[in-house]
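One point on numbering: in numbering that gives the first Met the number 0, the residue at position 20 of the sequence shown is 19, and numbering is uninterrupted. Even glycine gets a Cβ: it sits at the ideal position worked out from N, Cα and C.
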Amino acid sequence: MLDEIGFVDIEIGRPVDTFGGASGEANARTFDVHGYPFRARRP
């Protein structure tokens, strides 16, 4: 999606546990939910 709107040099990082310590942590682990950091630039 990022490249479709003109971004280049797109990098996607390792999965991150974004729900650690949150009330929905158990549900997130059940469904294997993670966040992914990304970096991109627009020329």
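Residues sharing a beta bridge with residue i, DSSP
i   : result
V32 : None, per the DSSP bridge assignment.
R38 : E10
Nearest to residue i (by Cα), restricted to the options the options
i   : options              : result
Y35 : R41, I4, F18 and I11 : I11
D16 : A27, I4 and D2       : A27
Sequence-distant residues of the same chain with beta carbon closer than 8 Å to residue i, five excluded per side
i   : result
F37 : L1, I9, E10, I11 and G12
G5  : R41 and P42
Neighbourhood of residue i by C-beta, 6 Å cutoff - its chain only, sequence neighbours within 5 removed
i   : result
P42 : V7
F18 : E24 and A27
S22 : none
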